[in-house]
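For the sequence shown, position 125 matches number 125 in the UniProt record's numbering, and the numbering has no gaps at all.
For glycine and all other residues, C-beta sits at the position ideal for the given N, C-alpha and C.
A quick note: this is a predicted structure, and the numbers were derived from the prediction, not measured.
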Amino acid sequence: MVPLPTIRAHNATLSSLPPNLVAVFVGGTSGISHYTALSLARSVPSPKIYLIGRNAAEASKITSELKAINPSSTISFIKSDVSLLRNVDKVCDEIKAKEKEVNLLFMTAGYLSLQGRTETEEGLDRRFALHYYARARFIHNLSPSSPPPPLPPPHPSPASSPSTTQTSVTPPRSTSQTPRSRRRSV
């Protein structure tokens, strides 16, 4: 585990980041996202923070806390049940309509149930929808639309340079050539 003084030293460097950093907190009305948003507001000049969650009353309290910590921050709450993928798409569309890019994406929405499979309206298991599908959808929808620049070509090493020596590769033996004693029945 990273020692707390190391974390604090790193967080102190965040103040050198440019203003108007866009951060999205999915599950932002409690727990880890709540406290991460507070830390971000303390550390970054003029952040734009989007809190995504179901609890508007908690979001209102958190918004007040964030504004008290950093009055130059812009806080937006989007009420949504992100266990439904159509809601994830709507939230992403709303954010993309306002922002050119998202710099930070925190996804801590969760769901605890001891009942086994509980389906959403879309027929997905609620836990799996929150812990996997919704996260993948947020990443896909909020990633930059242009592909990253291509990687430079690899530098040839002396071992990979063309030579006059040829090597031969022996193909693996097919199952028909394998002795019976080594075959497995299925």
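(request) Would you mind working out which of Ala57, Ser43 and Ser33 sits nearest Pro19, comparing C-alpha positions? (result) Taking the sequence shown and counting its residues from 1, the one referred to as residue 19 is at position 19. Answer by Cα proximity: Ser43.
(request) Identify the continuous alpha helix (DSSP H) that holds Thr36 and give its terminal residues. (result) Locating residue 36 in the sequence shown gives position 36, counting from the first residue. Element bounds for Thr36: Gly31 to Ser43.
(request) Pick helix, strand or coil for Asp125, following the three-state DSSP scheme. (result) One-based indexing of the sequence shown puts residue 125 at position 125. Three-state DSSP puts Asp125 in a strand.
(message) With DSSP as the reference, identify every bridge partner of Val24, one or two as the case may be.
(response) The count along the sequence shown starts at 1 and reaches residue 24 at position 24. The partner list for Val24 (beta bridge, DSSP) reads Tyr50 and Leu105.
(request) Can you say whether Ser160 is buried or exposed, counting buried as having 16 or more other CB atoms within 10 angstroms of its CB? (result) Locating residue 160 in the sequence shown gives position 160, where the first residue counts as 1. Below a pLDDT of 50, predicted positions are generally treated as unreliable, and Ser160, at 49, falls in that range; no measurement from the model is reported.
(request) For Asp81, collect the residues of the same chain with a Cβ closer than 6 Å to its Cβ; drop the 5 residues on either side in sequence, then sort them by chain order. (result) Your numbering for residue 81 matches position 81 in the sequence shown. So the qualifying residues of the chain are Arg54 and Asn87.
(message) Tell me which residues share the same chain as Lys90 and place their Cβ nearer than 8 Å to its Cβ, disregarding the 5 neighbours each side in the sequence.
(response) Here residue 90 refers to the residue found at position 90 of the sequence shown. These residues qualify, in order along the chain: Ser80.
(message) Quick check: what's the CA-CA separation for Lys61 versus Arg117?
(response) Start at 1 with the first residue of the sequence shown, and residue 61 comes out as number 61. Start at 1 with the first residue of the sequence shown, and residue 117 comes out as number 117. If I take the Cα positions, the gap works out to 33 Å.
(message) So the candidates are Val22, Gly31 and His34; which of them puts its Cα closest to the Cα of Ile49?
(response) Here residue 49 corresponds to residue number 49 of the sequence shown, with the count starting at 1. Measuring from the Cα of Ile49, the nearest candidate turns out to be Val22.
(message) Please report the distance separating the alpha-carbon of Ile52 from that of Gly28.
(response) In the sequence shown, counting from the first residue as 1, residue 52 sits at position 52. In the sequence shown, counting from the first residue as 1, residue 28 sits at position 28. Cα-Cα distance, rounded: 5 Å.
(message) Let's test the definition: count the other Cβ atoms within 10 Å of the Cβ of Thr95 and tell me whether it reaches 16, buried, or not, exposed.
(response) Against the sequence shown, residue 95 aligns to sequence position 95. In the sequence on display, residue 95 carries Ile and not Thr. Counting Cβ neighbours within 10 Å, Ile95 comes out buried, since at least 16 surround it.
(request) Just the C-alpha distance for Tyr133 and Ser15, rounded to the nearest angstrom, thanks. (result) In the sequence shown, counting from the first residue as 1, residue 133 sits at position 133. In the sequence shown, counting from the first residue as 1, residue 15 sits at position 15. Between Tyr133 and Ser15, the C-alpha separation is close to 33 Å.
(message) Distance check for Pro153 and Ala56, CA to CA, integer angstroms please.
(response) Counting from one through the sequence shown, the residue named residue 56 turns up at place 56. Counting from one through the sequence shown, the residue named residue 153 turns up at place 153. Taking the straight line joining both Cα atoms gives about 51 Å.
(request) Using alpha carbons as the reference points, say which of Asp125, Val24 and Leu17 lies closest to Thr108. (result) Position 108 of the sequence shown, counted from the start, is the residue given in the question as residue 108. Per the Cα distances, Val24.
(message) Given a cut-off of 8 Å on the beta-carbon distance, is the pair Ile75 and Leu66 in contact?
(response) Counting from one through the sequence shown, the residue named residue 75 turns up at place 75. Counting from one through the sequence shown, the residue named residue 66 turns up at place 66. Against a cut-off of 8 Å, the Cβ pair of Leu66 and Ile75 comes out as a contact.
(request) Tell me, to the nearest whole angstrom, how far the beta carbon of Arg137 is from that of Ser83; I am working on the premise that it is less than 8 Å. (result) Residue numbering aside, residue 137 sits at position 137 when the sequence shown is read from its first letter. Residue numbering aside, residue 83 sits at position 83 when the sequence shown is read from its first letter. Incorrect: roughly 11 Å between the Cβ atoms, too far for contact.
(message) For Ala9 and Leu40, what's the separation of their Cα atoms in angstroms?
(response) Stepping through the sequence shown from its first residue, residue 9 is reached at position 9. Stepping through the sequence shown from its first residue, residue 40 is reached at position 40. If I take the Cα positions, the gap works out to 14 Å.
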